[in-house]
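Count along the sequence shown starting at 1, add 691, and that's the number in this note's numbering.
Ideal Cβ placement from N, Cα and C applies to all residues, glycine included.
Accompanying notes for the structure given below.
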Amino acid sequence: MVVVMVVVVVVVLLVVVVMVVVVGGVVVGVVVVVVVVVVVTGQVESSVDDRGLVTESPKWKDIVDHHARFHHNTAHRNVDHMTLAYVTPWNNHGYDVVKLFGGKFSHVSPVWLQLRHTAGQTLITGDHDVDQGWLTQVKKAGKTADVKIVPRLLFDGWQPRDFRELFDTEPKKNKVINDIINMIKDLIADGHLSPDMSYLVCDPNKLRRARQDAMASARDLDQGKHQGTKIVGLGYDGRKDKTRAMVPDSYGKLHPRLIREEHVSVTEEPSGRYPWHFVPEDPVPPEKPAFKVAQALYDLLVTYDSTDSLIVLQGDSTRANTGWKGGTHAHLEKMLGRKLFWSICVLHTNELPLRHQPRRAYLI
692 MVVVMVVVVV VVLLVVVVMV VVVGGVVVGV VVVVVVVVVV TGQVESSVDD
742 RGLVTESPKW KDIVDHHARF HHNTAHRNVD HMTLAYVTPW NNHGYDVVKL
792 FGGKFSHVSP VWLQLRHTAG QTLITGDHDV DQGWLTQVKK AGKTADVKIV
842 PRLLFDGWQP RDFRELFDTE PKKNKVINDI INMIKDLIAD GHLSPDMSYL
892 VCDPNKLRRA RQDAMASARD LDQGKHQGTK IVGLGYDGRK DKTRAMVPDS
942 YGKLHPRLIR EEHVSVTEEP SGRYPWHFVP EDPVPPEKPA FKVAQALYDL
992 LVTYDSTDSL IVLQGDSTRA NTGWKGGTHA HLEKMLGRKL FWSICVLHTN
1042 ELPLRHQPRR AYLI
């Protein structure tokens, strides 16, 4: 009985075939065949499309023959979209690819910088990996495409509790923002980033004002789109959230505090469009919170000129909403002077038996 075992090992351009001949359980011979594959590397006149290499069923021979070939026009871009390349300091081949094909990318992001969190302190590291010579070559290669260098900053080793502490603590958040701003300024001053990247340096208050302006513009634009549209169905739902606010002390000085307040989101039905949200005003005895919610909903209907067109009111089945006398639905009907169809989510009603069932079973 003769058993032939074939082992194929591919090493770059060298294919080694080892054949072991076994007779009666005894190795009687070993045959080694070395095949040298000649591969043409460098620039070629035809693209991968012209060579028929873009296919759902690639062949190994095509990969071996063409893996080192590329079209001679290294600055040509086939797409006009944003093209982002990540480059890591531990992959030298990636550095070379970006230098050669810099014109094909709109943005190049070197993976250099890390924001570390240790012992309650934050520190930016990785600036020793910045390669000024490589940056110059990339900018030169991508001059026609105006390639932009956008270094990535990794929040390295951060846990969920670290992020929670960061966003809940105003001084720590401001420190991280200032550290990032100073890092960008240093990169620009040292020539690692061009001066046109200074737009990344923003005062935190400027960001806050820009965010508020964007939200106001989006709200005005949305209201303009639906100007004159009558609301026939209105849904609302509220929850109490932790909210950052400036609270005055006994001397009138404002201090940042984390408070709990109710936020009510409103949807226009049946489209589900989100027109607004609000914080109900504090009730003045003998008023109830449900009355203030109804008052805010009524003001919204007045804004959209829909006090006469509203037919359906949607909400949860909690007592604050559906109470026959003091619920939000009842108060809004009194303000409108007519009855509405109530579209009630019965989730709260259905969960009550399930909420008490485990306790009852335990007592039994």
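Rounded separation between residue i and residue j - CA only
i: glutamine 903; j: asparagine 896; result: 11 Å
i: glycine 924; j: arginine 910; result: 20 Å
i: arginine 855; j: lysine 931; result: 18 Å
i: lysine 933; j: glutamate 952; result: 7 Å
i: aspartate 837; j: aspartate 787; result: 19 Å
i: threonine 935; j: aspartate 859; result: Looking at the sequence shown, residue 935 is not threonine but arginine. Looking at the two C-alpha atoms, the distance is approximately 8 Å.
i: alanine 832; j: glutamine 734; result: 16 Å
i: histidine 808; j: aspartate 877; result: 21 Å
i: threonine 774; j: histidine 798; result: 6 Å
i: arginine 768; j: glutamate 747; result: 23 Å
i: histidine 1071; j: valine 841; result: Within the shown structure, residues of the chain are numbered from 692 to 1055, placing residue 1071 beyond reach of any answer.
i: glutamine 850; j: glycine 943; result: 38 Å
i: asparagine 764; j: proline 886; result: 30 Å
i: valine 693; j: valine 745; result: Caution is warranted here: a pLDDT of 35 is assigned to valine 693, below 50, making its placement in the model unreliable, and the coordinate value is therefore given only provisionally. Roughly 43 Å separates the two Cα atoms.
i: tyrosine 989; j: glycine 915; result: 20 Å
Endpoints, the beta strand (DSSP E) within which residue i is located
i: histidine 954; result: 945-960
i: phenylalanine 1032; result: 1032-1036
i: aspartate 1007; result: 1003-1007
i: glycine 733; result: 733-735
i: leucine 814; result: 812-816
i: tyrosine 965; result: 964-969
The alpha helix (DSSP H) enclosing residue i, as first and last residue numbers
i: proline 851; result: 851-859
i: leucine 988; result: 980-994
i: threonine 765; result: Note, threonine 765: premise wrong, no alpha helix (DSSP H); not H, not E.
i: threonine 1013; result: 1010-1013
i: histidine 1056; result: Summary: the structure shown does not reach residue 1056, with the chain confined to residues 692 through 1055, and so no result is reported for it.
i: leucine 687; result: Residue 687 is absent from the model: the chain starts at 692 and stops at 1055.
i: tryptophan 825; result: 823-832
i: lysine 790; result: 783-791
Nearest-angstrom beta carbon gap, residue j and residue i [assumed within contact, 8 Å]
i: glycine 1006; j: aspartate 928; result: 7 Å
i: leucine 1004; j: leucine 1038; result: 17 Å between Cβ atoms; not a contact.
i: alanine 1011; j: threonine 1019; result: 7 Å
i: proline 947; j: glutamate 861; result: 5 Å
i: leucine 898; j: arginine 843; result: About 20 Å separates the two Cβ atoms, so there is no contact after all.
i: glycine 1017; j: alanine 985; result: About 10 Å separates the two Cβ atoms, so there is no contact after all.
Which residues DSSP lists as bridging residue i, in chain order
i: histidine 758; result: Partner(s): none; histidine 758 has no beta bridge.
i: leucine 804; result: Leu844
i: lysine 931; result: Glu953
Practice task
Say whether the segment 814-821 touches the segment 745-757, bearing in mind that this needs 3 or more beta-carbon pairs closer than 8 Å, one atom from each stretch.
Solution key: no
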